[in-house]
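K.L.:
Chains as they are written, first to last, in my numbering: chain A, 3 to 272; chain B, 3 to 272.
1) Output the distance between the C-alpha atoms of residue 137 of chain A and residue 186 of chain B, rounded to the nearest integer angstrom.
2) Using the Cβ count rule (16 or more neighbours within 10 Å means buried), how would you classify residue 94 of chain B?
3) Could you check whether the Cβ of residue 52 of chain B sits closer than 8 Å to any heavy atom belonging to the ligand ZN?
4) Starting from residue 298 of chain A and walking both ways along the alpha helix (DSSP H), at which residues does that stretch end?
5) Looking only at DSSP bridge pairs, what is residue 270 of chain A linked to?
6) Spell out the partners DSSP gives residue 32 of chain A in its beta bridges.
7) With 16 other CB atoms within 10 Å as the buried threshold, where does residue 170 of chain A fall?
8) Check whether the Cβ atoms of residue 208 of chain B and residue 40 of chain B lie closer than 9 Å to each other.
9) Which bits of chain B does residue 113 of chain A rub up against, with CB to CB less than 9 Å?
10) Return no unless some Cβ of chain B is closer than 9 Å to the Cβ of residue 169 of chain A.
11) At 7 Å on the CB atoms, spell out the chain B contacts of residue 165 of chain A, in chain order.
12) Using 8 Å for Cβ pairs, my map puts residue 116 of chain B next to residue 177 of chain B. What's the rounded Cβ distance?
13) Does the Cβ of residue 239 of chain A have 16 or more other Cβ atoms within 10 Å, making it buried, or fewer, making it exposed?
14) For the region 175-201 of chain B, which residues have a CB atom closer than 7 Å to at least one CB atom of chain A, in sequence order?
15) Does the contact criterion of 3 or more C-beta pairs under 8 Å hold for the region 244-255 of chain A versus the region 18-31 of chain B?
16) May I ask you to report which of helix, strand or coil DSSP gives residue 180 of chain A?
17) Taking the alpha-carbon of residue 20 of chain B as reference, which of B:89, B:54, B:11 and B:65 has the nearest alpha-carbon?
18) Could you round the C-beta distance between residue 96 of chain A and residue 72 of chain A to whole angstroms and report it? I think they count as a contact, below 8 Å.
19) Taking only three categories from DSSP, how would you classify residue 238 of chain B?
20) Please decide whether residue 109 of chain A counts as near chain B, where near means a Cβ-Cβ distance under 9 Å.
21) Between the beta-carbon of residue 229 of chain B and the beta-carbon of residue 204 of chain B, is there less than 9 Å?
22) Give me whichever residues DSSP pairs with residue 87 of chain A in a beta bridge.
23) With burial defined as no fewer than 16 other Cβ atoms inside 10 Å of the residue's Cβ, what is the status of residue 112 of chain B: buried or exposed?
24) With distances taken Cα to Cα, identify the nearest neighbour of residue 51 of chain A among A:64, A:217, A:199 and A:140.
25) Spell out the partners DSSP gives residue 249 of chain B in its beta bridges.
26) Looking at the strands, I want to know which residues DSSP matches up with residue 116 of chain A.
27) Give me the Cβ distance between residue 6 of chain A and residue 218 of chain A, rounded to the nearest whole Å; I'm assuming they're in contact under 8 Å.
Following this line, the structure appears as structure tokens:
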């Protein structure tokens, strides 16, 4: 089977930096939540003594790593006040969103955070605010009563969904928008859509709870038949029946070695 | 013929105020351009000695009226420095747009003015700026290279066109939007669309060069067969063949007496 890989796919800057720095930590450390939304990487890190905790009470190391999605000021303060050493691997672009959101609130805007309500990046951004308003889809803005609206957006949001929400916010009289979708996200979405047009089937590789991977799946599904897998073991022979060319892309937290194995296996076995 | 009048139509606050104040001017005065975009009203004012000029050299009165669409600071300064008495009848909502635009430029935004390139309101707003960027339709934003964008919009713009342009501006990283479409415009557009759904034919009454009237015509044309007239004399018998109910709306610069004559004539003669 012929395989075409998307021009932009896999590890983004923030993930690459975080995985490298976490791998270089000497001794044991705990990450608060998974460092990135990729079980294979999290497993590799665990072998090196970098293990995930979900509550501070479960910490069994003196260093706590803040994951790429960030943490609220409140949580960071709590961790540090309990005497832990903090290794902050928050993606710098996520940090920027947190800063924008706080600044907007400071100057009197009701802050709208466009993103997944339960995603750790969005939770941390919102947790820094007195009165956040989280919006997942255009209809959600209907409940908004304030006239002065400041908008930030989850770094990995769908560009299309963001645009539709911004269009609806055109009804408000004073709107300040920081388009904080990161370049890596935009590039991956654009090149996935471009590739999906040219192939018979799209395979999106990435963690099942990875937001940006899910958005790639949604985007490609609107264009061509699309399958979401975490590793090459999830591939199913019947998907490839009658197909000639297969496109492969991957979320920003999917390591190269996982992508390479998927490409190799499709090329050789199907 | 049965006639239904749109819930909101005709003179808006700014026009009403300007026409009243112009009518109360003692003695002669010149308006710089037509006071409002309605030839019938302009003619009535001329009978009272309030006449239109297009260049300051043509002034034949000591008082110059600034029309509802406003004038640039530069022009006002020129008029006043030549010793004329200025009667400023700029719509207060238009004044607000001018202020927002200047403030945005002052704090480092490239100012995007959404509106008709040749409309006096837009020309005056833009003329106060060092580097304005006028946008009529979504494609126009493609040439914009700055990352920090401040948006204002002509008070009488189409809400739909504005929303489409704002959606496109979602690609920029830092966007500040003042939605300066006035309430009168929104109400007139909403009630025109509502009425067009319920009738067999729409008649829009208003000056041929009135921007807000043209937008009502465009809006209604997308919903039902629509005719644009200036006065009852423009009505044509064949438009009403096979129609049962006719909807009437009017631009913000169309006086009540013109609308009433249209309604009466349709009711009685067709």
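Cβ atoms here follow ideal geometry from the backbone N, Cα and C, with glycine treated the same way.
Just so it is clear, the structure is predicted and the values come from calculations on it, not from any experiment.
P.N.:
The relevant details are as follows:
1) Straight-line measurement puts the Cα of residue 186 of chain B at about 29 Å from the Cα of residue 137 of chain A.
2) Per the 10 Å Cβ criterion, exposed.
3) With respect to the ligand ZN, the structure offers nothing, as it holds no ligand at all.
4) With chain A represented from 3 up to 272, any question about residue 298 of chain A goes unanswered, as that position is not in the structure.
5) Partner(s): none; residue 270 of chain A has no beta bridge.
6) For residue 32 of chain A, DSSP records a beta bridge to A:53 and A:66.
7) Classification for residue 170 of chain A: buried.
8) It is a contact, given that the beta carbons lie within the stated cut-off.
9) Within chain B, no residue comes near residue 113 of chain A; the closest Cβ sits about 14 Å away, beyond 9 Å.
10) Yes, its Cβ sits closer than 9 Å to a Cβ of chain B.
11) What residue 165 of chain A touches in chain B: 169 and 172.
12) At roughly 12 Å, the Cβ-Cβ gap does not stay under 8 Å, so residue 116 of chain B and residue 177 of chain B are not in contact.
13) Under this definition residue 239 of chain A is an exposed residue.
14) Per Cβ criterion, the list reads 175, 176, 177, 178, 179, 180 and 181.
15) No, the region 244-255 of chain A does not touch the region 18-31 of chain B.
16) It is a strand residue.
17) Out of B:89, B:54, B:11 and B:65, the CA that lies nearest to the CA of residue 20 of chain B is found in B:89.
18) Contact holds; Cβ gap of about 5 Å.
19) If DSSP states are grouped into helix, strand and coil, residue 238 of chain B belongs with coil.
20) No, residue 109 of chain A lies away from the interface with chain B (no Cβ there is under 9 Å from its Cβ).
21) Yes, the Cβ-Cβ distance between residue 229 of chain B and residue 204 of chain B is below 9 Å.
22) Looking at the DSSP assignment, residue 87 of chain A forms a beta bridge with A:65.
23) By the 10 Å Cβ count, residue 112 of chain B comes out buried.
24) With distances taken between CA atoms, residue 51 of chain A lies nearest to A:64 out of A:64, A:217, A:199 and A:140.
25) Paired residue(s): B:6 and B:204.
26) Residue 116 of chain A is bridged to A:137 and A:155.
27) In fact, because the Cβ distance is near 15 Å, the residues do not count as touching under 8 Å.
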